[in-house]
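Visitor: Dumping the structure here so I can ask a few things about it.
Numbering (my numbering), first residue to last: 50 to 204.
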């Protein structure tokens, strides 16, 4: 299990790098417990997509969908930012959608699962990070002050 403060730390990073007055809509795939979304409630709209969601939004500006994004790889609203906090299988979809649409992305990768992971031996985190860095042009990487997988890749 990762650091219990990771949602708060990632939300602070986002607020620092992407000020609230410059963003209004954030898309958060694979946030089934709404941990990150609950820390981003100051933004106008936060859309969480997770087919296995285990929590329900308590704030009106946080919306939850359980189907539609992965199969169609499209949204009916245009977010200003896509954020993945240990998104597991959703990592590849976040990258592809962000690059296809030009929407900035922030990902704190964890497990080497889903798209792009088929050439990784024994689910190596170092290999996974190298693959993700190759897939995301003009990326930046920042170490976050959390335990466990703490590198955030962002553009």
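Idealized CB from N, CA, C, for every residue including glycine.
When the Cα atoms are used, what is the spatial distance from residue 94 to residue 77?
Guide: 11 Å
Visitor: Could you tell me which of 86, 71, 79 and 74 sits nearest to residue 58, measuring between CA atoms?
Guide: 86
Visitor: In whole angstroms, what is the alpha-carbon distance linking residue 74 and residue 129?
Guide: Cα to Cα, residue 74 sits roughly 5 Å from residue 129.
Visitor: Helix, strand or coil, according to DSSP, for residue 180 in the structure here?
Guide: helix
Visitor: Ignore the nearest five residues each way along the sequence and tell me which others in residue 91's own chain have a CB closer than 7 Å to its CB.
Guide: 69
Visitor: Roughly how many angstroms lie between the CA atoms of residue 198 and residue 158, to the nearest whole one?
Guide: 7 Å
Visitor: Please list, in chain order, all residues of the same chain as residue 55 whose beta carbon is under 7 Å from its beta carbon, the five residues on each side excluded.
Guide: 134 and 195
Visitor: Looking at residue 201: is its Cβ nearer than 8 Å to the Cβ of residue 185?
Guide: No, they are not a contact pair.
Visitor: Can you look up residue 162 in the DSSP assignment and give me helix, strand or coil?
Guide: coil
Visitor: Nearest CA to the CA of residue 163: which residue from 189, 53, 177 and 114?
Guide: 177
Visitor: In the DSSP assignment, find the unbroken alpha helix (DSSP H) run with residue 61 in it and report its ends.
Guide: 55–66
Visitor: Three-state secondary structure (DSSP) at residue 71?
Guide: helix
Visitor: Going by the CB atoms, is the gap between residue 52 and residue 80 shorter than 8 Å?
Guide: no
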